[in-house]
Amino acid sequence: MTDLRDMIGDDVDPEELERLQRVHTLLEQAGPPPSLSPGLARPPASGGDVIAFPRRYRPLAAIAAVAAAAVLFTVGYLVGNTGPSTEFTVAMSGSGGASGSLEIYAKDHAGNWPMRLHVDGLAEGKYALWLTRGGRLAEPCGSFAVASGTANVPLNAPYKLRSFDGWVVVPSGSRQPVLTT
Amino acid sequence: MDAAIALRLDLPRAPTGASIPVMSADSRTDAELIGLVANGDHRAFEELHRRYARPVLGIALRRIGDRGRAEDATQDTFASLWRSAGRFDPTRGKATSWLFTVARNAIVDGLRRRSETTFDAPPDVPEPGPGPDDAAESEWVSWRVHRAIETLPDQERTLIELAYWSGLSQSEIAAKLDVPLGTVKTRTRSALGKLADELGEELR
Chain A
369 MTDLRDMIGD DVDPEELERL QRVHTLLEQA GPPPSLSPGL ARPPASGGDV
419 IAFPRRYRPL AAIAAVAAAA VLFTVGYLVG NTGPSTEFTV AMSGSGGASG
469 SLEIYAKDHA GNWPMRLHVD GLAEGKYALW LTRGGRLAEP CGSFAVASGT
519 ANVPLNAPYK LRSFDGWVVV PSGSRQPVLT T
Chain B
8 MDAAIALRLD LPRAPTGASI PVMSADSRTD AELIGLVANG DHRAFEELHR
58 RYARPVLGIA LRRIGDRGRA EDATQDTFAS LWRSAGRFDP TRGKATSWLF
108 TVARNAIVDG LRRRSETTFD APPDVPEPGP GPDDAAESEW VSWRVHRAIE
158 TLPDQERTLI ELAYWSGLSQ SEIAAKLDVP LGTVKTRTRS ALGKLADELG
208 EELR
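The listed protein sequences correspond, in order, to chains A and B.
For what it's worth, the working numbering labels the leading residue of the first sequence as 369, then goes sequentially.
For what it's worth, the working numbering labels the leading residue of the second sequence as 8, then goes sequentially.
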């Protein structure tokens, strides 16, 4: 601890020296005050002034808020329920009255062709949709299960469709088509 | 030697490099300023910030340790002060005590809020150091002393900070400030006298 008299000299009356000594002790106890960074050099934005909303306009504001909410809900509902646009639809047929349709939607930016396959009249089981080329299975487009003869499932073809000549549905693990385009 | 002094002088300094007014002649009391802030007076808010930014940051650093989070807590404190100034009742206590409470609450709230995003396990054993009462007493002393330092004229505030926390001897301070050693002693005594007046109750 630094001697106070070294700091202020000896020419101090005892009563004053005692008073200053207490300050001296407090300063040493307190430690240094921190320096302020530039970010703290100014007070934070004080949040502005709050202006009370006039009471007489409150019913009007409530009606406007409800109307705005209704409009926004309607717009959101319409936007949310608008599916992707169909590029083309391919019909499929098979033996025993089995049939299907394949809706192909617009290609996404990555080159995927989203699709929805609907089949009727197929036996219960698991199936796969394939693209064909030259009478052979070429690339798979996904698997699906059929219960009660029907299925309606989203599938995908991440290929250049122009390089294929058709689609077929085959039972899983088989190469024998049950639906063809 | 110059290099040594330069290094040591990186210790705390008055915010003279910052863009705030260094020392205003504003003679309004803290209580008056809080009353004005309650009515949306931005200048009064700035003056309170000038007086209390360092004391608030000092407490925040003691509590939090981390400089960045302590600065956030300091900003939170002044935001809280702006919002709650209307609740200050000068008949129920001193302004500096009320401000101290606002600061502590804002800092503790900030700690709680931010601790929700961390996964540090609580310590199983008490941490070494002063207990809660001692810590609170120590915070209060620092608060009052640091606030009192802000009342000094620039020249004396710089001198006190150099004398107590830079590690410089009186002769080195005289050389640094380019004034005679006797002047350093006289000014130190004058500054201590003003601090004694300001800290009245703490000295009893």
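We put the beta carbon where it would ideally sit given N, CA and C, even for glycine.
Residue i in three-state terms, based on DSSP
i: residue 516/A; result: coil
i: residue 548/A; result: strand
i: residue 530/A; result: helix
i: residue 46/B; result: coil
i: residue 370/A; result: coil
i: residue 497/A; result: strand
i: residue 524/A; result: strand
i: residue 467/A; result: strand
i: residue 15/B; result: With a pLDDT of 40 at residue 15/B, under the threshold of 50, the modelled position of that residue is not reliable, and the figure given next carries that caveat. Helix.
i: residue 153/B; result: helix
i: residue 145/B; result: helix
i: residue 507/A; result: strand
i: residue 488/A; result: strand
i: residue 478/A; result: coil
i: residue 33/B; result: coil
i: residue 126/B; result: Summary for residue 126/B: the model assigns pLDDT 40, below 50, so the residue's position carries little reliability, and this model does not support an answer.
Close-in-space but distant-in-sequence residues of the same chain around residue i (CB under 8 Å, 5 per side omitted)
i: residue 462/A; result: 468, 489, 490, 537, 545, 546, 547 and 548
i: residue 93/B; result: 45
i: residue 466/A; result: 487, 488, 489, 490, 546 and 547
i: residue 89/B; result: 44 and 52
i: residue 540/A; result: 493, 494, 495, 496 and 511
Buried or exposed by the 16-neighbour rule on C-beta atoms within 10 Å, applied to residue i
i: residue 192/B; result: buried
i: residue 383/A; result: exposed
i: residue 411/A; result: buried
i: residue 328/A; result: Chain A is shown only over 369 to 549; residue 328/A falls outside these bounds and no answer can be derived.
i: residue 516/A; result: exposed
i: residue 125/B; result: Residue confidence for residue 125/B is low, a pLDDT of 41 falling below 50, so the modelled location carries little weight; the figure read from the coordinates is stated next. When all chains shown are included, residue 125/B counts as exposed.
i: residue 117/B; result: buried
i: residue 477/A; result: exposed
i: residue 386/A; result: exposed
i: residue 495/A; result: buried
i: residue 65/B; result: buried
i: residue 443/A; result: exposed
i: residue 434/A; result: exposed
i: residue 173/B; result: buried
i: residue 313/A; result: Summary: the structure shown does not reach residue 313/A, with chain A confined to residues 369 through 549, and so no result is reported for it.
i: residue 402/A; result: buried
i: residue 77/B; result: buried
i: residue 151/B; result: buried
i: residue 59/B; result: buried
i: residue 107/B; result: buried
i: residue 28/B; result: Residue confidence is low: residue 28/B scores 39 on pLDDT, short of 50, so the model does not pin down where it sits. No coordinate-derived value is stated.
i: residue 398/A; result: buried
i: residue 195/B; result: buried
i: residue 379/A; result: exposed
Neighbourhood of residue i by C-beta distance below 6 Å, restricted to the same chain and skipping five residues each side
i: residue 70/B; result: 114
i: residue 522/A; result: 484
i: residue 38/B; result: 97 and 102
i: residue 520/A; result: 486
i: residue 154/B; result: 62
i: residue 440/A; result: none
i: residue 81/B; result: 63, 64 and 67
i: residue 123/B; result: Per-residue confidence for residue 123/B stands at a pLDDT of 48, beneath the threshold of 50, marking its modelled position as unreliable; the derived number appears in the next sentence. Hits under 6 Å: none found.
i: residue 169/B; result: 175 and 180
i: residue 460/A; result: 468, 547 and 549
Spatial neighbours of residue i in its chain, beta-carbon cut-off 7 Å, leaving aside the 5 residues before and after
i: residue 188/B; result: 177, 178 and 181
i: residue 56/B; result: 85
i: residue 200/B; result: none
Threshold first: 4 residues or longer. Then list the alpha helix (DSSP H) segments lying entirely within the stretch 372–447 of chain A, N to C. Correct list: 372–376 and 382–398.
Worksheet item: According to a CB-to-CB cut-off of less than 9 Å, which residues of the stretch 394–406 of chain A neighbour chain B?
Response: Under the 9 Å Cβ criterion, the stretch 394–406 of chain A contributes 394, 395, 396, 397, 398, 399, 400, 401, 402, 403, 404, 405 and 406.
### Message
To test your reading of the DSSP string, which unbroken beta strand (DSSP E) runs of 3 or more residues are found completely within the stretch 161–202 of chain B?
### Response
With a minimum length of 3 residues, no continuous beta strand (DSSP E) run stays inside the stretch 161–202 of chain B.
| Using a Cβ cut-off of 8 Å, which residues of the stretch 163–176 of chain B contact any Cβ in chain A, in chain order? | Within the stretch 163–176 of chain B, the residues whose Cβ lies closer than 8 Å to some Cβ of chain A are 167, 168, 170, 171 and 172, listed in chain order.
Report the residue ranges of all alpha helix (DSSP H) runs contained in full by the stretch 44–118 of chain B; include only those spanning at least 4 residues, in chain order. 49–71 and 74–91, all fully within the stretch 44–118 of chain B.
**Prompt:** the stretch 86–120 of chain B: which residues have C-beta closer than 8 Å to a C-beta of chain A, in chain order?
**Reply:** Result list: 86, 89 and 90.
ask   = What residues in the stretch 381–394 of chain A bring their beta carbon closer than 7 Å to a beta carbon of chain B?
value = From the stretch 381–394 of chain A, only 387, 388, 390, 391, 392 and 394 have a Cβ closer than 7 Å to chain B.
Listed from N- to C-terminal order along the chain, which residues in the stretch 444–474 of chain A have their beta-carbon within a distance smaller than 9 Å of any beta-carbon of chain B? Those residues of the stretch 444–474 of chain A that come within reach of chain B (Cβ to Cβ, closer than 9 Å) do not exist; the list is empty.
Using a beta-carbon distance cut-off of less than 7 Å, what residues from the stretch 69–80 of chain B approach chain A? Those residues of the stretch 69–80 of chain B that come within reach of chain A (Cβ to Cβ, closer than 7 Å) are 78.
Chain-ordered residues of the stretch 43–57 of chain B with a beta carbon less than 9 Å from chain A: For the stretch 43–57 of chain B, the set of positions with a beta-carbon nearer than 9 Å to some beta-carbon of chain A reads 44, 47, 49, 52, 53, 55, 56 and 57 in chain order.
Exercise. Given a limit of 8 Å on CB to CB distance, which residues of the stretch 194–207 of chain B reach chain A?
Worked result: Listed by position, the residues of the stretch 194–207 of chain B near chain A (Cβ gap below 8 Å) are 195, 196, 199, 200, 202, 203 and 206.
Residues within the stretch 481–492 of chain A neighbouring chain B, beta-carbon criterion of under 9 Å
Under the 9 Å Cβ criterion, the stretch 481–492 of chain A contributes no residue.
Determine which residues of the stretch 142–153 of chain B have a Cβ less than 9 Å from any Cβ of chain A, and write them out in chain order. Within the stretch 142–153 of chain B, the residues whose Cβ lies closer than 9 Å to some Cβ of chain A are 145, 148, 149, 150, 151, 152 and 153, listed in chain order.
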